[in-house]
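Residue numbers (the working numbering): 3 to 170.
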């Protein structure tokens with residue numbers, strides 16, 4: 003992801019196939035204001051950040067470039083698997099497989115499940131996203147039992163599909 007707020011705004015705008023004029027209209031500002039944001043000459047008013055995040059289907063943290071810490075190790079005895087949350091985020095253009103190719107457009111899926119529930123769901127074969135079939139949840143649970151938490155999986159496919167999995 004680009005390092006500046008302006009760079010991220012430009013990137014998200016283009017990913018969402020918007021012109022500067024369209025973004026300006028949706029934010030009730032001028033196209034020149036959007037241009038200044040993207041060139042890092044000014045920044046959007048802080049009250050516009052939730053609107054921009056909504057339009058770009060991202061979080062304010064993502065828009066501002068806040069990144070989660072990656073993997074950390076904690077004392078395994080302090081981990082309560084019943085209180086451990088599996089956070090899954092998938093972003094991209096999704097297609098269904100039963101009815102043949104069907105473009106569902108730019109979509110973001112966020113799932114937060116207790117790790118024990120995620121184990122049951124993923125083990126049951128109720129996999130809605132093909133990329134999840136490649137993840138061995140038993141290995142993830144094994145890592146968590148050893149005290150490893152944080153972002154454990156990050157996949158970026160050639161088709162633009164991205165998937166991240168955290169355990170917290």
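Backbone N, C-alpha and C define an ideal beta-carbon position, used for all residues, glycine too.
Asked                                                                                                               : Found
Inter-residue CB distance, residue 113 and residue 146 (contact presumed, cutoff 8 Å)                               : Contact flag wrong, Cβ pair sits at about 17 Å.
8 Å contact criterion, which residue 7 and residue 45 should meet: CB distance rounded                              : 6 Å
Per DSSP, the bridge partner or partners of residue 27                                                              : Per DSSP, none; premise fails for residue 27.
Proximity below 7 Å, CB of residue 150 to CB of residue 75                                                          : yes
Best match in 37, 60, 83 and 50 for proximity to residue 30 [C-alpha to C-alpha]                                    : 50
Residue 48 classed as buried or exposed, judged by whether at least 16 other C-beta atoms fall within 10 angstroms  : exposed
Proximity winner among 37, 59, 27 and 23, relative to residue 17 (alpha-carbon distances)                           : 59
Residue burial classification, residue 119 (beta-carbon count within 10 angstroms, cutoff 16)                       : exposed
Own chain partners of residue 26 with C-beta closer than 6 Å, once the 5 adjacent residues on each side are dropped : 32, 33 and 36
Every unbroken alpha helix (DSSP H) inside the region 57 to 88 [4 residues or more]                                 : 62 to 66
Residue 5, buried or exposed, once every other Cβ within 10 Å from all chains shown has been counted against 16     : exposed
Delimiting residues of the alpha helix (DSSP H) encompassing residue 40                                             : 33 to 40
Bridge partner(s) assigned by DSSP for residue 166                                                                  : 91 and 156
Residue span of the alpha helix (DSSP H) that contains residue 17, given as start and end                           : 7 to 17
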